[in-house]
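Peer 1: Take the sequence shown: its position 97, counting from 1, is numbered 152 in our numbering, and each next residue is one higher.
Sending over a structure as C-alpha cells; questions will come in a sec.
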Amino acid sequence: MRAEYSKRLLQFTSSLGYESFLVEEVCGLRMDCRNILHVPRDHLSALMASPVMTLATASWRVMSVNASSIIEYAYPCCASSSQCCPSTSGVASAKKAKYEHAGCCDEKSVTAWLRSTHRSTLDGSRNLPLSPMLYRRIMS
C-alpha cells in the first residue's frame with residue numbers, strides 16, 4: 056500500500072461526503088491486500104443498523120478508517136524502511152519502476168513479522184482496541 060496515496064484518497068473521499076471502511080479479507084498470500092468501502096454519509100445510519108454490518112464490525116472484518124488511521128490499521132510493517140521493507144537499495148530499487156515496494160511485504164517477511172510480534176495473520180497485524188464500541192468512540 057502506498058501510504059501517501061492512501062491518505063490523499065481518504066482525504067478526497069471524505070471531502071466528497073463519504074465515510075471509509077477498511078475491509079479485512081483473506082486474499083491469498085498474507086501481503087498488503089485490503090479493500091476500502093466508501094459509504095455516502097447520508098446512507099451511513101441505515102448501513103450501520105444492518106445485521107451484516109453489525110456482525111462485520113463486531114468481528115473486526117470491517118472498521119471505520121480515515122486519512123489519519125489508515126496506515127496504522129493496514130499492515131504497519133509494510134511501510135517503506137520498516138521491518139518488512141528494510142531496504143530500498145540494490146535489487147529492490149532496480150525493480151521499483153515495476154512495483155513500488157519490490158521485495159517488500161512478501162509472504163515470508165510478513166509472516167515472520169507477525170509471528171515475532173505475536174500478532175494474527177488474519178487481523179491485518181494491528182493492535183486492536185478493547186472493543187468495537189471503544190474503537191468507534193476513539194474514531195469519532
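No residue lacks a Cβ here, since even glycine has one placed at the ideal position from N, Cα and C.
#1: Since Met-103 and Val-117 are thought to touch, with beta carbons under 8 Å apart, how far apart are those beta carbons, to the nearest angstrom?
#2: Taking the beta carbon of Tyr-128 as the centre, do at least 16 other beta carbons fall within 10 Å, making it buried, or is it exposed?
#3: If contacts are defined as beta-carbon pairs under 8 Å, then Glu-74 and Leu-99 qualify, I think. What distance do you get, rounded to the angstrom?
#4: Name the two residues that bound the continuous beta strand (DSSP E) containing Leu-99.
#5: Specify the secondary structure class of Glu-59 as computed by DSSP and reduced to three states.
#6: When we look at the beta-carbon of Ser-124 and count the other beta-carbons within 10 Å, is it buried (16 or more) or exposed?
Peer 2: Let me spell this out:
#1: Here residue 103 refers to the residue found at position 48 when the sequence shown is read from its first residue. Here residue 117 refers to the residue found at position 62 when the sequence shown is read from its first residue. 10 Å between Cβ atoms; not a contact.
#2: Position 73 of the sequence shown, counting from 1, holds the residue named residue 128. Buried.
#3: Residue numbering aside, residue 74 sits at position 19 when the sequence shown is read from its first letter. Residue numbering aside, residue 99 sits at position 44 when the sequence shown is read from its first letter. The pair is a contact, with the Cβ atoms about 5 Å apart (cut-off 8 Å).
#4: Position 44 of the sequence shown, counted from the start, is the residue given in the question as residue 99. Where Leu-99 is concerned, there is no enclosing beta strand (DSSP E), although the alpha helix (DSSP H) it sits in stretches over 99-103.
#5: As a working mapping, residue 59 is identified with position 4 in the sequence shown. Glu-59: helix per DSSP, three-state reduction.
#6: Position 69 of the sequence shown, counting from 1, holds the residue named residue 124. Looking at its Cβ environment, which holds 16 or more other Cβ atoms inside 10 Å, Ser-124 is buried.
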